[in-house]
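Report on the structure given below.
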Amino acid sequence: MYKILTLNNISSLGLQRLPREDYEIGSEISQPDGILLRSFKMHDMVIPDSVKAIGRAGAGVNNIPVDQMSSRGVPVFNAPGANANAVKELVLAGLLMASRNINSAMKFASGIEGDDAAISVAVEAGKKNFVGSELPSKTLGVIGLGAIGVRVANAALSLGMKVVGYDPLISVQSAWQLSSGVEKAISLDHLFTQCDAVTVHVPLIDATRGIVSAERLKLMPKGGIIVNLARGGICDDTAVLASLNKGHTSTYVIDFPTAELMKHPKVLAFPHLGASTNEAEENCAVMVADSVRDFLDDGTVVNAVNFPEAFMPRNGGTRITIANANVPNMVGQISTLLANAGLNIADLLNKSRGDIAYTIIDLDGDISEETVAAIRGINGVLSMRTLPSKA
Ligand SMILES: NC(=O)C1=CN([C@@H]2O[C@H](COP(=O)(O)OP(=O)(O)OC[C@H]3O[C@@H](n4cnc5c(N)ncnc54)[C@H](O)[C@@H]3O)[C@@H](O)[C@H]2O)C=CC1
Ligand SMILES: O=C(O)CCC(=O)C(=O)O
1 MYKILTLNNI
11 SSLGLQRLPR
21 EDYEIGSEIS
31 QPDGILLRSF
41 KMHDMVIPDS
51 VKAIGRAGAG
61 VNNIPVDQMS
71 SRGVPVFNAP
81 GANANAVKEL
91 VLAGLLMASR
101 NINSAMKFAS
111 GIEGDDAAIS
121 VAVEAGKKNF
131 VGSELPSKTL
141 GVIGLGAIGV
151 RVANAALSLG
161 MKVVGYDPLI
171 SVQSAWQLSS
181 GVEKAISLDH
191 LFTQCDAVTV
201 HVPLIDATRG
211 IVSAERLKLM
221 PKGGIIVNLA
231 RGGICDDTAV
241 LASLNKGHTS
251 TYVIDFPTAE
261 LMKHPKVLAF
271 PHLGASTNEA
281 EENCAVMVAD
291 SVRDFLDDGT
301 VVNAVNFPEA
311 FMPRNGGTRI
321 TIANANVPNM
331 VGQISTLLAN
341 AGLNIADLLN
351 KSRGDIAYTI
361 IDLDGDISEE
371 TVAAIRGING
381 VLSMRTLPSK
391 A
């Protein structure tokens, strides 16, 4: 029986992927084998040694101490692309709200008093204050062309916008999905110079912190819109507020409000709503629950942010899995210990990613506690699991 601790509400459709005869799931579980979460901040939490896998039902993993988990040999899974359409739709909503002054116009409308005739007069007199502009007259800059950025760029093109994209690390899959109509910016500065609106879709990491800066905001034409549904910190909020106050930037659409941002009339603050659709919550929960179950049951690794992909069909015997530092002769040392114990390797898979290597070995016989301890004792082994044979 595996124990799964949930740190946020996880869609029941996802939790149903973990059969109750094999999985105990709850928010108060001690010594869990796995953790499922959404935005819970794990950095200040003591993560029990019992944890073998962490599943983030979403895209961003900046709320998880991934490096610490890597050093423990614990994979962190996420759900790439599973909430991308939801975020794309809210980006488009934000762009439309900003370019048509929808928020201020609605506030004006809801403040009108009087009978129907008076309201009609006030509406017709007041609407001139909320004249907007249409998307096809504008250029959108998309920073980060991953699951969300590609969808945003393609959708904006289909709405008639000119679209300029920037992603020096774009994956082959994203490049295939990106419309050929999206123009490539040669640098971030180049992008800001050309764009009336800029939207960010990058993870929050050292390289992306503050990339929407005072200097870059000045490169934009007057009246620009900034959209940040990625993470607080990617835009320099102080610089954006200064630019709003000067009238250079017209609107800041943000999914990560702060006290200062929320009270600003030119800020459209959403309550971290990008992925909050039934569809996205279900997609994320199902995808990540499947990854965690496949890892706990079979040692399979799919959609981990810190481990290589690894899948080997079960051949029926005992399976051992080992995560270790990606240095020479680890497999040699492991197979020597197995040979010394008289154990035959029926099948073996070894993959690496960055500093981590991961090995799955199916054995013809049962492994003893002594051999397990000897493998665990090899310098560089981060974690080891023994999975019982499957009929
Ligand atoms: N508001 C919300 O509810 C949500 C927010 N997010 C945020 O959006 C981010 C992006 O999500 P996805 O598109 O699903 O992730 P993704 O991993 O598919 O795409 C991220 C893209 O950023 C690019 N990138 C990385 N460093 C870069 C840099 N320095 N300059 C330019 N591009 C860079 C990568 O090459 C990749 O193509 C997540 O990390 C998360 O923080 C994601 C989902 C929901
Ligand atoms: O679970 C959520 O609502 C947040 C989603 C998110 O921010 C992400 O997937 O990175």
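Residue numbers (full-length UniProt numbering): 1 to 391.
C-beta: ideal position from N, C-alpha, C; glycine also.
Since this is a predicted model, take the numbers as computed values, not measurements.
* Exposed or buried, T336, counting other C-beta atoms within 10 Å across all chains shown (16 or more means buried)? -> For this step, residue 336 is matched to residue 336 along the sequence shown. That one is exposed.
* Between the region 101-117 and the region 151-167, are three or more C-beta pairs nearer than 8 Å? -> Touching, no, given that fewer than three Cβ pairs across the two stretches are closer than 8 Å.
* **Pairwise C-alpha distance: Q16 and F130** => In the sequence shown, residue 130 corresponds to position 130, counting from 1. In the sequence shown, residue 16 corresponds to position 16, counting from 1. Our two residues, F130 and Q16, have alpha carbons roughly 48 Å apart in a direct line.
* **D255 CB to nearest heavy atom of ligand 1 below 6 Å** => Along the sequence shown, one-based indexing puts residue 255 at 255. Between ligand 1 and the CB of D255, the shortest heavy atom gap is smaller than 6 Å.
* Asked: So what does K3 bridge to, in DSSP terms?
  -> Here residue 3 is taken as the residue at index 3 of the sequence shown, counted from 1. Note: K3 sits in a beta bridge opposite E24.
* Asked: Which same chain residues, not among the five before or five after L96, have their C-beta less than 8 Å away from its C-beta?
  -> Working through the sequence shown from its first residue, we reach residue 96 at position 96. Beyond the five residues adjoining it in sequence on each side, L96 comes within less than 8 Å, by CB distance, of I102 and L135 in the same chain, given in chain order.
* To do: Please specify which runs of the alpha helix (DSSP H), each continuous and at least 4 residues long, are wholly inside the region 142-190, giving them in chain order.
  => The region 142-190 contains, as complete alpha helix (DSSP H) runs of 4+ residues, the segments 147-158 and 172-177 (chain order).
* Asked: Can you give, in chain order, each stretch of the alpha helix (DSSP H) that sits fully within the region 195-266 and has at least 4 residues?
  -> Runs found: 214-219, 237-246 and 259-262.
* To do: Determine which residues share a DSSP beta bridge with residue 393 and list them.
  => The structure shown does not extend to residue 393, since the chain spans only 1 to 391, so no value can be given for it.
* **For S12, the first and last residue of its enclosing alpha helix (DSSP H)** => As a working mapping, residue 12 is identified with position 12 in the sequence shown. From DSSP, the alpha helix (DSSP H) with S12 extends over S12 to L15.
* Asked: Given 8 Å as the limit, is there contact between the region 175-191 and the region 113-130, that is, 3 or more CB pairs closer than that?
  -> These segments do not touch.
* To do: Answer with buried or exposed for S120, where buried requires no fewer than 16 other C-beta atoms within 10 angstroms of its C-beta.
  => One-based indexing of the sequence shown puts residue 120 at position 120. So S120 counts as exposed.
* Decide if T6 is buried, meaning its Cβ has at least 16 other Cβ atoms within 10 Å, or exposed. => On the sequence shown, residue 6 is found 6 positions in, with the first residue counted as 1. T6 is buried by the Cβ-count criterion.
* Asked: Is T208 near ligand 1, going by C-beta to nearest heavy atom under 6 Å?
  -> Here residue 208 refers to the residue found at position 208 when the sequence shown is read from its first residue. Yes; taking the cut-off as 6 Å, the Cβ of T208 has a heavy atom of ligand 1 nearer than that.
* To do: Classify G111 as buried or exposed, calling it buried when 16 or more other Cβ atoms lie within 10 Å of its own Cβ.
  => Looking up residue 111 in the sequence shown gives position 111. When all chains shown are included, G111 counts as exposed.
* To do: Can you give me the start and stop residues for the beta strand (DSSP E) that residue 396 sits inside?
  => Shown here, the chain extends from 1 to 391; a query on residue 396 therefore has no answer.
* Looking at V288 and A57, is the spacing between their C-beta atoms short of 7 Å? -> Locating residue 57 in the sequence shown gives position 57, counting from the first residue. Locating residue 288 in the sequence shown gives position 288, counting from the first residue. For A57 and V288, yes; Cβs fall inside 7 Å.
* Asked: If we ignore side chains and look at the alpha-carbon of each, how far apart do P19 and Y358 end up?
  -> Reading the sequence shown from its first residue, position 19 is the one you call residue 19. Reading the sequence shown from its first residue, position 358 is the one you call residue 358. Whole-angstrom Cα-Cα distance: 26 Å.
* Under three-state DSSP, which class holds N324? -> As a first step, residue 324 is located in the sequence shown; it is residue number 324 there, counting from the start. In the structure shown, N324 sits in a strand (DSSP, three-state: E or B).
* State the start and end residues of the unbroken beta strand (DSSP E) segment that holds R100. => On the sequence shown, residue 100 is found 100 positions in, with the first residue counted as 1. Counted as a single uninterrupted DSSP element, the stretch harbouring R100 is not any beta strand (DSSP E), since DSSP gives it neither H nor E.
* To do: Keeping to the same chain, check which residues put their C-beta closer than 7 Å to that of L145; ignore five residues upstream and five downstream.
  => The sequence position of residue 145 within the sequence shown is 145, counting from 1. So the qualifying residues of the chain are A153, G165, D167, I170, S174 and L178.
* G224 and T249: beta carbons closer than 7 Å? -> What you label residue 224 is simply residue 224 of the sequence shown in a count that begins at 1. What you label residue 249 is simply residue 249 of the sequence shown in a count that begins at 1. T249 sits close to G224, with the two beta carbons spaced by under 7 Å.
* Asked: Got a sec, what are the start and stop residues for the beta strand (DSSP E) A53 sits in?
  -> On the sequence shown, residue 53 is found 53 positions in, with the first residue counted as 1. Counting along the chain, the beta strand (DSSP E) containing A53 begins and ends at A53 to R56.
* **Local conformation of R38 per DSSP, three classes** => Stepping through the sequence shown from its first residue, residue 38 is reached at position 38. In the structure shown, the three-state DSSP call for R38 is coil.
* Which partner residues of T139 appear in the DSSP bridge assignment? -> Taking the sequence shown and counting its residues from 1, the one referred to as residue 139 is at position 139. According to DSSP, T139 shares a beta bridge with K162.
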